[in-house]
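Sequential numbering of the sequence shown, starting at 1, is according to the working numbering. Where is the CB? At the ideal position from N, CA and C, for every residue including glycine.
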Amino acid sequence: MHMMKTPLITRTGFQKLKDELNQLWYEERPEVTRKVTWAASLGDRSENADYQYNKKRLREIDRRIRYLTRCIENLKVVDYSPEQEGQVFFGAWVEVENDDEEVRRFRIVGYDEIFMDPRYISIDSPMARALLKKGIGDEAIVVTPKGEGYWYINSIEYEKSESI
């Protein structure tokens with residue numbers, strides 16, 4: 001089952017994608033292209049491990065460049081705004097607790113940035129969905145394959161320094 005991804009991203013996440021794209025395009029790709037050209041000039045390509053490896057790497061780089069370019073064109077950067085204070089919205093750091101006194105703290109971000117930090121969760125996840133628009137002290141019912149979980153919101157914080 002393919003979930004729809006909400007095309008949102010934090011300012012920090014967006015900058016990371018742009019940095020990666022620039023690094024691949026301006027540094028890594030020209031370097032690998034040089035190696036492929038050099039390896040190809042040595043003659044027999046079928047037995048040339050260097051050539052094979054760098055050709056493969058070049059394909060991976062190009063695939064990632066296409067992906068990042070598409071992301072950057074389609075994503076909407078969400079900056080902090082004071083109206084969000086006291087409620088859970090995109091970009092919030094939220095601390096929740098359940099009846100077993102299990103405490104979790106995470107940041108609600110876009111799908112394309114959840115891999116940047118282990119404390120990030122997707123806006124499309126059941127937890128994020130249950131928490132949206134709630135305030136401190138509110139109860140959120142999180143529906144997971146294992147059943148319903150009840151979580152209480154302890155704190156909500158936003159990174160205000162991100163806005164440029």
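Counting other Cβ atoms within 10 Å of its Cβ, Leu42 stays below 16 and is therefore classed as exposed. In this structure Ala92 is in contact with Glu157, their Cβ atoms being roughly 7 Å apart against a cut-off of 8 Å. Beta-bridge pairing by DSSP links Asn98 to Trp151.
Residue state for Tyr120 is assigned as strand, using DSSP reduced to three classes. Just so you know, the alpha carbons of Lys35 and Glu47 end up roughly 15 Å apart. In the structure shown, the three-state DSSP call for Gly13 is helix. Within the same chain, Cβ atoms closer than 6 Å to the Cβ of Tyr111 are found at Lys5 and Ser122, the five residues on either side in sequence being excluded.
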